[in-house]
Structure formats: C-alpha cells, structure tokens
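Just so we're aligned, residue 35 is where the sequence shown starts under this note's numbering, counting upward by one.
Quick reminder that beta carbons are idealized off the backbone N, C-alpha and C, glycines included.
Remember, it's a predicted structure, so these values are computed and weren't measured experimentally.
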Amino acid sequence: MTPTLPRDIEIQTRYLRIAARQWGDPNGVPVMAIHGWLDNAASFDALAPLLTGMNLIAVDMPGHGRSEHRPPGTPYHFIDSIPDVLAIADALDWPRFSLLSHSLGAGISAIVAGTAPQRIRRLVLIEGLGPWSGSAEESPERLSEATNHILYKERRRAPSYPTVEEAAHAREKAGDLGFEAAMMLAGRGTYGIGDRVAWRTDPRLTYRSPLYLTEEQVGAFLPRISAPTLLIWGESGLDSPLQNLEERKKLVPDLIFQRIPGGHHLHMDNPEPVAAVVQPFLVPVT
C-alpha cells in the first residue's frame with residue numbers, strides 16, 4: 035500500500051478556528067478522528083496511513099495542538115465538546131459521518147452519537163465509552179473548586195524545554211505511550227520560544243472540570259446510539275474505567291468489543307492490529 039500523505043487544513047466553525055490534518059481520499063467515506071486529553075491530531079499519524087477509502091480528518095480539539103483556545107473566562111467543560119464536534123461537521127458540510135476516537139475523544143464521541151444519532155454512520159471508540167462520571171453529592175465541591183480556578187487562578191506559563199525531544203520525553207513520562215508516539219505529538223503540539231520549545235496546549239485544560247455527568251446520566255445517552263459501534267481496548271490499557279465498562283457495554287444496542295495487544299495509546303504504539311479491525315468496520319466491503 036502506498037502511504038497516504040496528510041494535508042494540514044483549518045476549519046472555521048461558527049465560533050472557533052479548528053486546525054486539522056486530512057488523510058486519504060477527499061471523496062472517500064467521511065471520518066472525523068478525535069484525540070484524547072492533552073494530545074492532538076498527530077495522535078492518528080501512525081494509524082491513518084494504514085486506512086484506505088476514507089476522507090479522514092483528524093482534528094485538534096479546542097485548546098489542543100494548533101487550534102484556537104477558548105476565550106478568557108470560558109472553561110473547558112466536557113459537554114461543550116459535543117457542539118464543537120457537530121459544528122466542525124457542519125463546517126465540513128458533513129450531514130452524516132463516522133467517528134474514530136481515543137480516550138477522552140471516545141468519551142466525547144459516544145455522547146455525540148447519543149445526542150445526535152441521526153448524524154453518525156459508524157462509531158469507533160478506542161479506550162473509552164462515555165466520559166468519567168461523578169456522584170451528585172460531589173458536584174457542589176467540584177463546581178466550587180472549578181469556579182475558583184476560573185476566577186482567581188493565575189494562568190500558568192507552559193514549561194519550556196531545550197529541544198522538541200526533551201518535550202517529547204516529558205510527555206512520554208506523563209502518559210502511557212512510547213517515545214516515538216510522544217515525538218509525533220510533540221512535532222505538532224510544540225512551538226518555539228527563543229531557543230527553547232513549549233507545548234501549545236491551553237494550560238486551562240488541566241483545571242478541574244466544573245461538573246461530571248452522573249453514571250445515570252451517561253447511561254441515558256448510550257442506548258440512543260444507533261450507529262454500529264466498535265469498542266477497542268488495549269490488553270494492558272486503562273484499568274480504572276473497567277468497573278463500569280461492562281455495564282455500559284450492555285447499554286449500546288449494536289456494539290462489537292475487541293481487545294488488542296497494547297497500552298492506552300495502542301493506536302499509536304501498535305497501529306497495525308488496530309487498523310486491521312478498524313478498516314473493514316469503517317469501510318465495509320460489499
């Protein structure tokens with residue numbers, strides 16, 4: 035297979051400028067790829083060249099990569115990502131499309147598919163099925179702390195590093211991914227400050243979330259997913275969500291579950307077996 039070269043594009047939604055990386059055939063099956071927390075569109079640089087027959091657009095979500103940050107005083111709330119995704123699809127003139135997503139992106143995608151089921155053709159979720167949930171009792175304290183961050187916390191300057199490689203090493207240590215994968219993220223996600231580099235990521239993304247959906251609320255969205263759904267989990271991936279994963283899986287009407295060797299970033303560190311199940315799912319051979 036001849037490798038597909040990406041094209042960097044910008045998408046102007048009704049309210050934010052979104053940077054993205056376009057792979058494959060512009061006339062192919064429309065697929066939006068959504069990365070995880072503090073990652074960027076390069077999260078799909080290893081997987082995308084292995085996929086064919088798709089117009090695959092990997093986006094930098096707001097505040098990530100090269101996309102615009104939210105205005106001052108506007109928090110990064112999980113729920114706001116739902117209209118973000120649909121606004122991007124509207125700007126692309128995609129009435130219906132598929133989603134390929136990882137981690138937080140998979141949480142977002144599941145809720146998008148439950149909110150606007152008529153828009154989603156097929157749904158691929160890697161290491162995520164809906165967002166983290168919280169109890170109703172925790173909500174006042176959580177909102178109080180998040181409000182203090184928004185109003186009073188001094189905006190932190192991003193740490194800088196001597197080289198892109200050092201920035202990648204820092205990312206490697208912070209998450210479950212190898213150095214090569216971290217370099218993919220760093221290549222897109224850093225910028226120069228004099229003779230040093232820093233991550234472009236909006237520091238406010240690390241502030242505490244104002245509210246979490248309760249597990250009951252998450253469970254109300256999942257049965258509304260009408261798209262065929264492929265859920266992929268690494269054999270050594272995230273353990274903490276597994277306590278409610280089995281119950282959530284039962285709520286999705288048409289779900290296939292696959293475990294594949296690899297950790298949380300298996301689509302970057304071990305893309306071949308991921309592509310082997312994603313390709314026929316997103317572009318079925320008729």
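Enumerate in chain order the residues of its own chain whose CB-to-CB distance from residue i is below 6 angstroms, with the five nearest sequence positions on each side excluded.
i: Gly139; result: Ile68, His69, Gly70
i: Leu126; result: none
i: Met35; result: Note on Met35: pLDDT 45, under 50, position unreliable in the model; the coordinate value appears next. Contacts found: none.
i: Phe112; result: Pro165
i: Arg222; result: Asn74, Ala76, Gly99
i: Asp79; result: Met218
i: Leu315; result: The amino acid at residue 315 is misidentified as Leu; the sequence shows Phe. Hits under 6 angstroms: Leu264.
i: Gly141; result: Gly162, Gly164, Pro165
i: Ala180; result: Arg242, Pro244
Give me the Cβ distance between residue i and residue j, rounded to the nearest whole Å; I'm assuming they're in contact under 8 angstroms.
i: Leu39; j: Val158; result: That pair is no contact at about 22 angstroms.
i: Pro244; j: Arg293; result: That pair is no contact at about 34 angstroms.
i: Ala123; j: Ile259; result: Actually they do not touch by this definition, with Cβ atoms about 16 angstroms apart.
i: Leu134; j: Val312; result: 7 angstroms
i: Ser132; j: Val65; result: 5 angstroms
i: Trp57; j: Leu90; result: 4 angstroms
i: Val308; j: Leu81; result: 6 angstroms
i: Leu247; j: Glu161; result: That pair is no contact at about 18 angstroms.
i: Tyr49; j: Arg238; result: Incorrect: roughly 17 angstroms between the Cβ atoms, too far for contact.
i: Ile154; j: Ala261; result: 4 angstroms
Starting from the C-beta of residue i, find all residues in its chain whose C-beta is less than 8 angstroms away, skip the five residues before and the five after it, and write them out in chain order.
i: Arg51; result: Glu44, Ile45, Ser101, Glu102
i: Leu285; result: Gly253, Leu256, Pro257
i: Lys283; result: Leu163, Leu265, Leu289, Phe291
i: Glu306; result: Leu84
i: Gln251; result: Ser167
i: Pro287; result: Pro257, Ile259, Ser260
i: Lys187; result: Tyr241
Give every residue of the same chain whose Cβ lies closer than 7 angstroms to the Cβ of residue i, excluding the five residues on either side of it in the sequence, and list them in chain order.
i: Leu279; result: Leu163
i: Asp28; result: The first residue shown for the chain is 35 and the last is 320, placing residue 28 beyond what the model contains.
i: Ala201; result: Tyr195, Ala220, Thr224, Val231, Trp233
i: His183; result: Tyr241, Arg242
i: Ala150; result: Leu120
i: Gly148; result: Phe255, Leu256, Arg258, Ile259
i: Gly107; result: Ile184
Which residue marks the beginning of the beta strand (DSSP E) containing residue i, and which one marks its end?
i: Gln292; result: 289-294
i: Gly139; result: No beta strand (DSSP E) holds Gly139; the alpha helix (DSSP H) holding it covers 138-149.
i: Asp59; result: Looking at the DSSP string, Asp59 is not in any beta strand (DSSP E), and its letter there is neither H nor E.
i: Arg41; result: 41-46
i: Arg155; result: 154-160
Between which two residues does the alpha helix (DSSP H) holding residue i run?
i: Gln313; result: 305-316
i: His180; result: It is Ala, not His, that sits at residue 180 in the sequence shown. From DSSP, the alpha helix (DSSP H) with Ala180 extends over 173-186.
ask   = Residue ranges of each beta strand (DSSP E) run of no fewer than 3 residues wholly in the region 209-278, ordered along the chain?
value = 224-227, 230-233, 263-268
ask   = Are the region 91-102 and the region 113-129 touching by the rule of at least three beta carbon pairs closer than 8 angstroms?
value = yes
ask   = Would the region 164-175 and the region 191-199 be scored as touching if the rule is three or more Cβ pairs under 8 angstroms?
value = no
inquiry  = Assess contact between the region 200-220 and the region 294-313, defined as three or more Cβ pairs (one per stretch) separated by less than 8 angstroms. Is contact present?
reply    = yes
Length-filtered (3 minimum) beta strand (DSSP E) runs lying within the region 66-136 = 88-93, 131-136
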